[in-house]
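In the numbering used here, the protein residues as written are 27 to 105. Here a beta-carbon is modelled for each residue, glycine too, at the ideal position from N, C-alpha and C. Written below as C-alpha coordinates is the structure these notes are about.
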(Lines of atoms letter the chains of each structure in order from A and count residues from 1; the text may use other names and numbers.)
(Lines give C-alpha, C1' and ligand atoms only; values in the text may rest on other atoms or scores of the structure.)
Protein backbone atom coordinates (compact mmCIF):
# COMPACT_ATOMS: atom_id res chain seq x y z
CA UNK A 1 0.00 0.00 0.00
CA UNK A 2 1.09 3.57 -0.60
CA UNK A 3 2.14 6.26 1.84
CA UNK A 4 0.29 9.38 0.68
CA UNK A 5 1.24 12.88 1.78
CA UNK A 6 -1.85 15.07 1.58
CA UNK A 7 -1.23 18.80 1.99
CA UNK A 8 -4.17 21.18 2.10
CA UNK A 9 -5.32 23.98 4.35
CA UNK A 10 -8.89 22.77 3.77
CA UNK A 11 -10.03 20.07 6.21
CA UNK A 12 -12.91 19.01 3.96
CA UNK A 13 -10.52 18.32 1.07
CA UNK A 14 -8.26 16.19 3.24
CA UNK A 15 -11.22 14.26 4.66
CA UNK A 16 -12.62 13.45 1.21
CA UNK A 17 -9.31 12.05 -0.01
CA UNK A 18 -8.80 10.03 3.18
CA UNK A 19 -12.33 8.61 3.03
CA UNK A 20 -11.95 7.68 -0.63
CA UNK A 21 -8.51 6.07 -0.38
CA UNK A 22 -8.44 4.51 3.09
CA UNK A 23 -10.51 1.56 1.94
CA UNK A 24 -7.62 0.56 -0.33
CA UNK A 25 -5.30 0.36 2.69
CA UNK A 26 -3.21 3.44 2.00
CA UNK A 27 -1.70 5.41 4.88
CA UNK A 28 -1.71 9.19 5.10
CA UNK A 29 0.47 12.00 6.31
CA UNK A 30 -1.72 15.10 6.61
CA UNK A 31 -0.26 18.60 6.38
CA UNK A 32 -2.00 21.94 6.66
CA UNK A 33 0.86 24.36 5.94
CA UNK A 34 4.16 24.72 4.17
CA UNK A 35 6.05 24.24 7.43
CA UNK A 36 4.31 20.96 8.24
CA UNK A 37 4.83 19.74 4.67
CA UNK A 38 8.57 20.51 4.79
CA UNK A 39 8.91 18.68 8.12
CA UNK A 40 7.07 15.65 6.74
CA UNK A 41 9.27 15.53 3.64
CA UNK A 42 12.40 15.56 5.79
CA UNK A 43 11.11 12.42 7.52
CA UNK A 44 10.96 10.62 4.19
CA UNK A 45 9.51 10.97 0.73
CA UNK A 46 6.00 9.59 0.29
CA UNK A 47 4.93 7.29 -2.53
CA UNK A 48 2.43 9.92 -3.66
CA UNK A 49 1.88 13.55 -2.76
CA UNK A 50 -1.30 15.55 -3.30
CA UNK A 51 -0.81 19.22 -2.46
CA UNK A 52 -2.55 22.55 -2.87
CA UNK A 53 -0.49 24.98 -4.90
CA UNK A 54 -1.19 27.77 -2.43
CA UNK A 55 -0.45 26.32 0.99
CA UNK A 56 0.08 28.86 3.76
CA UNK A 57 3.83 29.49 3.82
CA UNK A 58 4.63 27.59 0.60
CA UNK A 59 3.75 28.23 -3.02
CA UNK A 60 4.01 25.79 -5.93
CA UNK A 61 7.46 27.00 -7.02
CA UNK A 62 8.88 26.61 -3.52
CA UNK A 63 7.36 23.14 -3.30
CA UNK A 64 9.03 22.02 -6.53
CA UNK A 65 12.34 23.45 -5.34
CA UNK A 66 12.06 21.59 -2.01
CA UNK A 67 11.27 18.32 -3.79
CA UNK A 68 14.21 18.74 -6.15
CA UNK A 69 16.53 19.38 -3.21
CA UNK A 70 15.28 16.28 -1.38
CA UNK A 71 15.42 14.01 -4.41
CA UNK A 72 19.16 14.52 -4.77
CA UNK A 73 18.85 15.14 -8.49
CA UNK A 74 16.73 12.05 -9.20
CA UNK A 75 13.74 12.73 -11.46
CA UNK A 76 10.43 13.37 -9.73
CA UNK A 77 7.27 12.16 -11.44
CA UNK A 78 4.56 14.80 -11.57
CA UNK A 79 1.09 14.96 -12.99
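Beta bridge counterpart(s) of residue 29 as assigned by DSSP: Stepping through the chain shown from its first residue, residue 29 is reached at position 3. 53, per the DSSP bridge assignment.
Proximity to residue 81 [Cα-Cα], best of 56, 44, 70: On the chain shown, position 55 is the one that residue 81 refers to. Residue 81 has its Cα closest to that of 56, out of 56, 44, 70.
Simplified DSSP state of residue 85, which is helix, strand or coil: The count along the chain shown starts at 1 and reaches residue 85 at position 59. Here residue 85 sits in strand by DSSP.
Proximity below 9 Å, CB of residue 78 to CB of residue 38: Numbered from its first residue, the chain shown carries residue 78 at position 52. Numbered from its first residue, the chain shown carries residue 38 at position 12. Cβ distance not < 9 Å, so residue 78 and residue 38 don't count as in contact.
Cutoff 7 Å; reference residue 66; Cβ partners in own chain excluding five residues on either side: On the chain shown, position 40 is the one that residue 66 refers to. Counting only Cβ-Cβ distances below 7 Å, and skipping sequence neighbours, we find 31, 55, 57.
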